[in-house]
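**Q** Taking my numbering, the leading residue of the sequence shown gets 65, the next gets one more, and so forth.
Virtual Cβ for every residue (Gly too), placed ideally from N, Cα, C.
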Amino acid sequence: MKFFIDTANLDQIKEAQDLGVLDGVTTNPSLMAKEGITGKENIINHYKKICDIVTGDVSAEVIATDYEGIIKEGQELAKLHDQIIVKVPMIKDGVKAIKYFSDHGIKTNCTLVFSAGQAILAAKAGATYVSPFIGRLDDISTDGLNLIAEIRMIYDNYGFTTQILAASVRHTMHVIDCAKIGADVMTGPLSSIEGLLKHPLTDIGLAKFLADYKKGN
Ligand code: E4P
Numbered sequence: 065m066k067f068f069i070d071t072a073n074l075d076q077i078k079e080a081q082d083l084g085v086l087d088g089v090t091t092n093p094s095l096m097a098k099e100g101i102t103g104k105e106n107i108i109n110h111y112k113k114i115c116d117i118v119t120g121d122v123s124a125e126v127i128a129t130d131y132e133g134i135i136k137e138g139q140e141l142a143k144l145h146d147q148i149i150v151k152v153p154m155i156k157d158g159v160k161a162i163k164y165f166s167d168h169g170i171k172t173n174c175t176l177v178f179s180a181g182q183a184i185l186a187a188k189a190g191a192t193y194v195s196p197f198i199g200r201l202d203d204i205s206t207d208g209l210n211l212i213a214e215i216r217m218i219y220d221n222y223g224f225t226t227q228i229l230a231a232s233v234r235h236t237m238h239v240i241d242c243a244k245i246g247a248d249v250m251t252g253p254l255s256s257i258e259g260l261l262k263h264p265l266t267d268i269g270l271a272k273f274l275a276d277y278k279k280g281n
């Protein structure tokens, strides 16, 4: 399973990259705003900085919601860097635009996906990635992981090559459960990646090994 970090914070992206397990980055307008990055030019410069840090795919979201606008904006974003993946919302014009991008060799991430039906549409349109938001489903008492399992089954039934990018991951158990189900990618905060390191028996075991080493030296 690929690990993407879901942030626009450059320090956190660097930290995840330095750990050596990072495969890419997802951003969205809210994450950009959280870092104080506003205005088209600043946002574009920020994408370039992110691409300089990581070696994998970097999702850059379009703001337009009409077909022509999405195409124009997506083409501009795709030209920025060969790591850029154009992130397009799951709306009617978005699906049409994903089909256009797919036919023209531009990679896409279909975002704001909350149902298996939406995931089927994204795959049929040729999306590179589909992003079901599991945390936001959990927030409304709906099983987000079950959606990942449904999409996995459907895509496997028909051999769809669209990669399931489990998004809105909030914690380490989401990461582990996504891996069990067979999500292709997960995107979450740095804490969901670094949290995987932690186990009290590791800390206790290491402390004992070091103490025993000191006894003999
Ligand atoms: C993914 O691409 C989205 O940006 C993200 O995972 C949304 O997560 P949130 O529900 O924690 O905002």
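1) Can you name the residues that DSSP bridges to Lys151?
2) DSSP three-state call for Asp146: helix, strand or coil?
3) From which residue to which residue does the alpha helix (DSSP H) around Val239 run?
4) Helix, strand or coil for Ser232, going by three-state DSSP, please let me know.
5) Among Ile218, Leu86, Ile101, which residue has its Cα nearest to the Cα of Lys92?
6) Report whether the distance from the Cβ of Lys262 to the nearest heavy atom of ligand 3 is below 7 Å.
7) Does the beta-carbon of Phe165, which I'm using as the reference point, lie nearer than 7 Å to any heavy atom of ligand 1?
8) Looking at the strands, I want to know which residues DSSP matches up with Gln227.
9) Tell me whether the beta-carbon of Leu229 lies closer than 8 Å to the beta-carbon of Phe197.
10) Please list the terminal residues of the continuous alpha helix (DSSP H) segment that includes Phe178.
11) Applying the 10 Å Cβ sphere with the 16-neighbour rule, what's the burial state of Phe67?
12) Given 7 Å as the limit, tell me if Gly259 has its C-beta closer than that to any heavy atom belonging to ligand 1.
13) What is the residue span of the alpha helix (DSSP H) that Gly208 lies within?
14) Should Asn92 be listed as close to ligand 1, given that the test is whether its C-beta is under 7 Å from any heavy atom?
**A** So, from the listed chains and residues:
1) Glu125, Asn173
2) coil
3) 236 to 245
4) coil
5) Residue identity differs from the one stated: residue 92 is Asn in this sequence, not Lys. Asn92 has its Cα closest to that of Ile101, out of Ile218, Leu86, Ile101.
6) Annotation note on ligand 3: not contained in the displayed structure, which lists ligand 1 as its ligands.
7) no
8) Tyr193
9) no
10) First-last for Phe178: undefined, no H or E at that position.
11) buried
12) no
13) 208 to 222
14) yes
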